[in-house]
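Peer 1:
Residue numbers (this note's numbering), protein chains in the order written: chain E, 18 to 116; chain B, 168 to 658; chain X, 27 to 571; chain R, 77 to 196; chain U, 10 to 524.
1. Given that a residue counts as buried once 16 or more other Cβ atoms are within 10 Å of its Cβ, and exposed if not, what is residue 288 of chain B?
2. Short of 6 Å in beta carbon distance, which residues of its chain neighbour residue 215 of chain B, apart from the five on each side in sequence? Order them along the chain.
3. From residue 556 of chain B to residue 83 of chain E, what does the alpha carbon distance come to, in whole angstroms?
4. Within the 8 Å Cβ cut-off, does residue 92 of chain U reach chain X?
5. Should residue 432 of chain B be flagged as near chain R, meaning a C-beta pair shorter than 8 Å?
6. Using a beta-carbon distance below 8 Å, is residue 242 of chain X in contact with chain U?
7. Going straight from the alpha carbon of residue 366 of chain B to that of residue 176 of chain B, what length do you get?
8. Using the beta-carbon count (16 or more within 10 Å), is residue 500 of chain X buried or exposed?
9. Flag residue 445 of chain X as yes if its beta-carbon sits less than 8 Å from any beta-carbon of chain U, otherwise no.
10. Please report the Cβ distance between residue 195 of chain U and residue 99 of chain E, rounded to the nearest whole angstrom; I am assuming they are in contact, meaning their Cβ atoms lie under 8 Å.
11. Along the region 193-215 of chain X, what residues have a CB closer than 8 Å to any CB found in chain U?
12. According to DSSP, simplified to helix, strand and coil, what is residue 485 of chain X?
13. Does the Cβ of residue 40 of chain U have 16 or more other Cβ atoms within 10 Å, making it buried, or fewer, making it exposed?
14. If I follow the unbroken beta strand (DSSP E) through residue 128 of chain U, where does it start and stop?
15. When the Cα atoms are used, what is the spatial distance from residue 97 of chain E to residue 178 of chain X?
16. Across which residues does DSSP place residue 266 of chain U in a beta bridge pair?
17. With 16 other CB atoms within 10 Å as the buried threshold, where does residue 376 of chain X fall?
18. Determine the chain E residues that contact residue 153 of chain R at a beta-carbon separation under 8 Å, and present them in chain order.
19. Beta-carbon separation of residue 178 of chain R and residue 430 of chain B under 8 Å?
20. Within the region 92-153 of chain X, note down every full alpha helix (DSSP H) run reaching 4 residues or more, in order along the chain.
21. Whole-angstrom Cβ separation of residue 170 of chain U and residue 205 of chain U, contact assumed at under 8 Å?
22. Once DSSP output is grouped into helix, strand and coil, what is the label at residue 395 of chain U?
23. In terms of alpha-carbon separation, which member of U:36, U:199, U:276 lies closest to residue 116 of chain U?
24. To test your reading of the DSSP string, which unbroken beta strand (DSSP E) runs of 3 or more residues are found completely within the region 306-367 of chain X?
25. Please state the DSSP three-state secondary structure of residue 116 of chain U.
26. Out of X:205, X:540, X:197, X:296, which has the shortest C-alpha to C-alpha gap to residue 368 of chain X?
27. Suppose contacts are defined by Cβ-Cβ distances below 8 Å. Is residue 57 of chain U in contact with residue 29 of chain U by that definition?
28. Spell out the partners DSSP gives residue 82 of chain U in its beta bridges.
29. So the beta strand (DSSP E) residue 280 of chain B belongs to, where does it begin and stop?
30. Would you say residue 512 of chain B faces chain R, with C-beta separation under 8 Å as the test?
31. With distance defined between alpha-carbon atoms, name the residue in U:110, U:377, U:445, U:394 nearest to residue 92 of chain U.
32. Counting only beta-carbon atoms, is residue 172 of chain X nearer than 8 Å to chain U?
33. Which term fits residue 574 of chain B, buried or exposed, when burial requires 16 or more other beta carbons within 10 angstroms of its beta carbon?
34. Compute the distance between the beta-carbons of residue 362 of chain B and residue 160 of chain R, then report whether it is under 8 Å.
35. Pull out every residue of the region 70-82 of chain U whose Cβ sits closer than 7 Å to any Cβ of chain E, in chain order.
Next comes the structure, spelled out in structure tokens:
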């Protein structure tokens, strides 16, 4: 398997995540799609690091993981607070803010 | 590293080069070792605990009862396999697999011995190793949590769910402490490869203590005692073993996450737990107890660390560690959940962090300032220790402040030490003991008794079926007729 | 004496006055009025002194003050006047005190304090002075835009019933124009930076810049649109009737008398000298707009039933004349146009004031609600007549001189347009005289009648074309009522008298103004490269239309 | 390049085969004595209530613990490479790590004081 | 032995100050008793931000790359750091206002209590206040300051998250209309995370294309082979998308109105001012430093987006009936104007562009004005909290002349009327754009300004020329913090409009990137 395959896989994952964010309605699922996007980035980074023979990309992947974790903490807290009030995590139910 | 590694000490380059049949042999070997060790551990546990409790233990099946666990396993295979109606079928089905497989995998990087010759092939006694070997263990043990959580969740029942939640919370909590405890080992070994860590412990440690120079043991259990203690405590929690076996606390949760499992599925969970136990014991041996290398008095003998002998030392160490597990189970009562979590988060984690910093500081200072170990210990270690003690003192006082204040107040009689229960329900009728009667009641006397006129709220289902009693009083369960209130009136 | 920074003082004094008025405690309405009058008189005094200090034969820009303002943009706070600007300053100096006195008894709508009115008025004066005195294009633009704010509040807070609409319309029209001009201003800067090496906004420096004809046309259009909106040329004029009608009388006078002059002033000061090629090339189109404005506005004026709207439309027609004079590119015509700017300020200002006095009495802006006022209030009628005649440029009034100069000056170069424009004069006579006749003569009508106890209330809100005929039919029904028109009070006389005096004086002896204006115009004409030869300004004043 | 991981895959295959075989074969080996009670969720003899917890609320404490775990797990992610490379990093590495752990410690103290680590 | 990277503590002082204050704030939160926490937290946050402001001012003229090349301490960084710190301090003052709301604070007392529960109603009027917002906001400010100084994409990304995460949280902490606020937070979070994923993917692609994430290295790599190929351009586009989202530039603006409306007004002020500064700081650095040599790749993109943003902001702003939403659309339009300045990328070989100074000035001016505008919004209240519906503002000039006058000033500044800071800023960026030949863009911008002016004017019309509603809102008497904010912003709006020379000089002098 050449490195290109990894890149293509990462791109596909990224696209799946992006499409998921746009079409899914459950906030948690949307959020998981975002995480999928972040992880596809990790894959890309590691692949490029491999290609260039440096460890920079892998270090970056570390940072991305950290940030993703921080995002999880904050994001789940926010979604949770809404869920506890509304008993629903659907984005469609969050409809107070409109034009 | 200045390890004068023996010729048969494997290096990282030795791995991944085996011919396929050697690999196959090793794979099967590891598998068999784990299964056998499990069978042994179960019966060993029963016997040791029995001894501790002045019993004999299993003694019927096989010689001196040593085949008891094999018999149990076979029996389980022929039990009825039940799939609860509310279960999430695929997950319920796969959860035991998910728990078992990582347990096996974790053992793959444990070094069992030096380079030996198998059918003429020079190969290390270790399935494989990688620069990040220990991470494989950690990753696999973390994966095992999924099996437990999913198993509990997929059962569609209350107790397993609670058990799995507890188990998840507990395992991740203690994983932190475990993960932190081995940082110091990496710091000293300069590597995360298990075989290199073993190699790093090979030589005695040159310690010069104010002019006196002597060679101490190379075991990290000695060099890094705090890490070792934390590791031991943490892995007991990590493997859900007594006294930390809260996910399967019989008295609270029936069987915990595997309440709804039976037959071979249950057996797999059981297997996974014991394999995990073996794995962490083996890891303890590897990281802290010198791995497969012979302990001190034996190591004087030159041949002790070559050939197939180390396998013996290794398994002795593992069994010793297993004995500690069992010992703990036999002696210590189960902790309450809050105590357990508090211990993990508030004691193990900060201690580990401070310890890491202390070790790193000492090491760096020693290297940079070219000081001897003793000087470093005096100039750096002592102040740090004092600081840590002071901080711990302050923190513990601060954290108990509210309690102390409450205690003082309670002593002064101004408040009740515990908050009064909010009155949920009106009393069902006139009190059993009219206020006018003199003399202390038993309830006011000394020991607590349950209130005699306890009224339990009706369950929602009951309420939907029958009307509430006409006088508005709440109907107690179990006494659905008017007899209860009648009785009260009579008194 | 000429070292004294007159222009700066003329900007600063009213600004400080505005701040002082704002700072007055609540309820000191009288003090606020007196303060405003005092400040505006000081400005008038300064304007007169500045005129005295101005050397007619001297440099083009005098009384200059220049301080570096925003060095990064190459902007200087540069003030200076030529003859054209100076007469405009004089006009401001005269009109503002008059307006203050005229607004003396202005009642605030709602609970609003009148102090705001005085403050806005003074601030407006300050900014208007700034617009005419600026010799830095950026500074000019800043004053140009900033001027909108006080006017906006004057209209919006103190105007008539549809003031919100009018204020927003006024603001948006001006703002759009201003923004287009901003693009051109920036463009000018960039062009100058390319040409001179360092960007500048100084008018004198910019005049030297050779601009590529294509770019010139674009920049010209940028400026032109803004000015055409300001000095309403026909397709851009629709805001003025609304604003003029809804603004309080004082605001309307300043709006039409001074504010809109900024547009025509801008033509002369900026469009012609900075973009001479484009000006020459595009002049025919502008002239079409100008003449169309003269005729179209005059026709519309005749159809108006609202007096203030009517006066606003007359202004649009007059602005057509001014534009005609400017874009004829002869010294006479342009001098006439500048003179027209002053005269129109006085004449139309007076007309607005008189109409305001009438409205103050009757409470209605409709022509059809008035009639036979002259019998009860001869002074008012007299002033009205003077104002009306000045507006239609009867010989002997000030407007005549300027209108005549414009026509004489433009005829040699633009005979067709000039002939067409003269038709406008006839129409002007029609609408002014009709207005006068309907309101001042004939039987008493409309709101000026005290309703008889048993008679139905008179209809005040008659639609657009309440004609004299229907009004006369109603008159007998209200026969027992008597008129309640007061004649001019002393305050109103104080307002009208100086204006009437100016109308007459400038009609008879405009020479000093012409002397002031002509050199500046000549300089502009040489900038634009037009043929400076033409009929001399001392042309015999004879013949009427 | 990843040959040292191949044995792990082999072990995985073996372990997975064993586990899957076990769970698959179990229903066929054992007896089948159908009984509705066996299929009900275990509730210590009380009639089970429908799914009291799944789909409902869990104690917020579990969530908090998970969050704190993530924070510390991340800390460990950085500690491991640092520990391995500590000798090469010198004093600078130590200082960096003191700052890092100190920062995490601030968060830790905060969580502690605000009751995030208390179970009741 | 690995070499320790060079680290100039002096150059990092502003960052250290702010982050230090945030950490101290966290500790205070942990140890100080509840009743003294609020004043202490406010003091610490203010000391931190003002310290950041002062230290960054002291750094003026610094030009160096430090922290192993990860941070650039140059003119733009220092100028924008100072701007963010100053604006942040003002926002924190708004946070600290306690005398306006009968509930004593704009922030919910306990965020964990579900909205609408009995406990929530009980806490609504309790004197308890949320104090965690101060450390959170300070962290966000620190992240923003890091964002504008980041000289490498990874640091930029980390800073992006450091600034975003606290913002997600505090935008969900409104004391009143909690559901609305929580909803805003969820939307902001999901879309924000989405955008940062894009940024990240862009980072990865750029890394793949150039082998480095250091901006200067990217510049060299992209200069080398005719722009660097598809990967680089794609990466650039994704990076820019991520940043434009933060800057709330249409068509990446979907979150802006919702979040601006739902978040507590002080937070909205904070976001509108500081986030915009930070995001544009990063955009400028990215485009000028990393992609300065491959200008052709981003110019058309930015050109088009600027137009879209101005048009969307101006046109949709017309239809709004809520003041906060209206200001949100105004901010979208302003983002378009700012992009006009970004396009004025000039000739300088070392990243100096004629658009840099003006854009920075615009950011400062806009930030001050918008904070002021939102501060006024917090003053106008009815029984439900802030009265932000347009109809409720009718006749406000009668109820409180001063409030209405201040608001009118801010609106005029937003509309870009001369003698206000808004005009100076607009003039500066438009000049830069025209200088660079972007004529049509500036014309569109001018038209958009005119359209936008309409909705600002509508508010003024309502305030001054309409009759007050019978049961209209009351105008609260601001406490010291809000008064201070209003005083500063009003002064700045006027001063930057009348005598902007000094600040323009500062911005112009700072407009030189390093690296």
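Glycine included, C-beta positions come from ideal geometry on N, C-alpha and C.
Quick caveat: nothing in here was measured; it's all calculated off a predicted structure.
Peer 2: According to the structure shown:
1. If you number the second chain from 1, residue 288 of chain B lands on position 121. By the neighbour-count rule (16 or more Cβ atoms within 10 Å), residue 288 of chain B is not buried but exposed.
2. The count along the second chain starts at 1 and reaches residue 215 of chain B at position 48. Non-local beta-carbon contacts of residue 215 of chain B in its own chain, meaning distances under 6 Å to residues more than five positions away in sequence, involve 493 in chain order.
3. As a first step, residue 556 of chain B is located in the second chain; it is residue number 389 there, counting from the start. As a first step, residue 83 of chain E is located in the first chain; it is residue number 66 there, counting from the start. Taking the straight line joining both Cα atoms gives about 32 Å.
4. In the fifth chain, the residue the question calls residue 92 of chain U occupies position 83. No, its Cβ sits nowhere closer than 8 Å to a Cβ of chain X.
5. Taking the second chain and counting its residues from 1, the one referred to as residue 432 of chain B is at position 265. At least one CB atom of chain R sits nearer than 8 Å to the CB of residue 432 of chain B.
6. Residue numbering aside, residue 242 of chain X sits at position 216 when the third chain is read from its first letter. No, residue 242 of chain X does not count as interfacial toward chain U.
7. Against the second chain, residue 366 of chain B aligns to sequence position 199. Against the second chain, residue 176 of chain B aligns to sequence position 9. Straight-line Cα distance between these residues: approximately 7 Å.
8. Stepping through the third chain from its first residue, residue 500 of chain X is reached at position 474. Note that residue 500 of chain X scores a pLDDT of 44, beneath 50, so its modelled location is shaky; the value from the coordinates is reported in the next line. Counting Cβ neighbours within 10 Å, residue 500 of chain X comes out buried, since at least 16 surround it.
9. By 1-based counting over the third chain, the position of residue 445 of chain X is 419. So no, residue 445 of chain X is outside the interface.
10. Taking the fifth chain and counting its residues from 1, the one referred to as residue 195 of chain U is at position 186. Taking the first chain and counting its residues from 1, the one referred to as residue 99 of chain E is at position 82. Cβ atoms of residue 195 of chain U and residue 99 of chain E come within 8 Å of each other, at about 5 Å.
11. 193, 194, 197, 198, 201, 202, 205, 206, 208, 209, 212, 213, 215
12. Within the third chain, numbered from 1, the residue matching residue 485 of chain X stands at position 459. For residue 485 of chain X, the predicted structure reports a pLDDT of 43, less than 50, and the residue's modelled location is therefore unreliable. The matter cannot be settled from this model.
13. Within the fifth chain, numbered from 1, the residue matching residue 40 of chain U stands at position 31. Taking every protein chain shown into account, the CB of residue 40 of chain U has fewer than 16 other CB atoms within 10 angstroms, so this residue is exposed.
14. Your numbering for residue 128 of chain U matches position 119 in the fifth chain. That residue, residue 128 of chain U, is in no beta strand (DSSP E); its alpha helix (DSSP H) goes 127-133.
15. Residue 97 of chain E sits at position 80 when you count from the first residue of the first chain. Residue 178 of chain X sits at position 152 when you count from the first residue of the third chain. Each residue's alpha carbon lies about 51 Å from the other.
16. Here residue 266 of chain U is taken as the residue at index 257 of the fifth chain, counted from 1. In the DSSP output, where bridge partners are listed per residue, residue 266 of chain U has none listed.
17. As a first step, residue 376 of chain X is located in the third chain; it is residue number 350 there, counting from the start. So residue 376 of chain X ends up on the buried side.
18. Taking the first residue of the fourth chain as 1, we reach residue 153 of chain R at position 77. Within chain E, the residues near residue 153 of chain R are 79, 82, 83.
19. In the fourth chain, counting from the first residue as 1, residue 178 of chain R sits at position 102. In the second chain, counting from the first residue as 1, residue 430 of chain B sits at position 263. No, they are not a contact pair.
20. Listed in chain order, they are 109-128.
21. The residue you call residue 170 of chain U lines up with position 161 of the fifth chain. The residue you call residue 205 of chain U lines up with position 196 of the fifth chain. Right, their Cβ atoms sit about 6 Å apart.
22. Indexing the fifth chain from 1 puts residue 395 of chain U at position 386. Reduced to three states, the DSSP call for residue 395 of chain U is strand.
23. For the purposes of this step, residue 116 of chain U is taken as residue 107 along the fifth chain, with counting starting at 1. Ranking the options by Cα distance to residue 116 of chain U, first place goes to U:276.
24. Within the region 306-367 of chain X, no complete beta strand (DSSP E) run reaches 3 residues.
25. Residue numbering aside, residue 116 of chain U sits at position 107 when the fifth chain is read from its first letter. DSSP places residue 116 of chain U in strand when its eight states are reduced to three.
26. Position 342 of the third chain, counting from 1, holds the residue named residue 368 of chain X. The shortest Cα separation from residue 368 of chain X among X:205, X:540, X:197, X:296 belongs to X:540.
27. Position 48 of the fifth chain holds residue 57 of chain U. Position 20 of the fifth chain holds residue 29 of chain U. The answer is yes: Cβ separation under 8 Å.
28. Your numbering for residue 82 of chain U matches position 73 in the fifth chain. U:73.
29. As a working mapping, residue 280 of chain B is identified with position 113 in the second chain. For residue 280 of chain B, the uninterrupted beta strand (DSSP E) segment begins and ends at 280-285.
30. In the second chain, residue 512 of chain B corresponds to position 345, counting from 1. Using a Cβ-Cβ cut-off of 8 Å, residue 512 of chain B counts as an interface residue toward chain R, since at least one Cβ of chain R sits closer than that to its own.
31. Counting from 1 along the fifth chain, the entry for residue 92 of chain U is found at position 83. Nearest C-alpha to residue 92 of chain U: U:377.
32. The count along the third chain starts at 1 and reaches residue 172 of chain X at position 146. Yes, residue 172 of chain X lies at the interface with chain U (some Cβ there is under 8 Å from its Cβ).
33. Along the second chain, one-based indexing puts residue 574 of chain B at 407. Residue 574 of chain B should be labelled exposed.
34. The residue labelled residue 362 of chain B in the question sits at position 195 within the second chain. The residue labelled residue 160 of chain R in the question sits at position 84 within the fourth chain. No, the pair does not count as a contact, with Cβ atoms beyond the cut-off.
35. none
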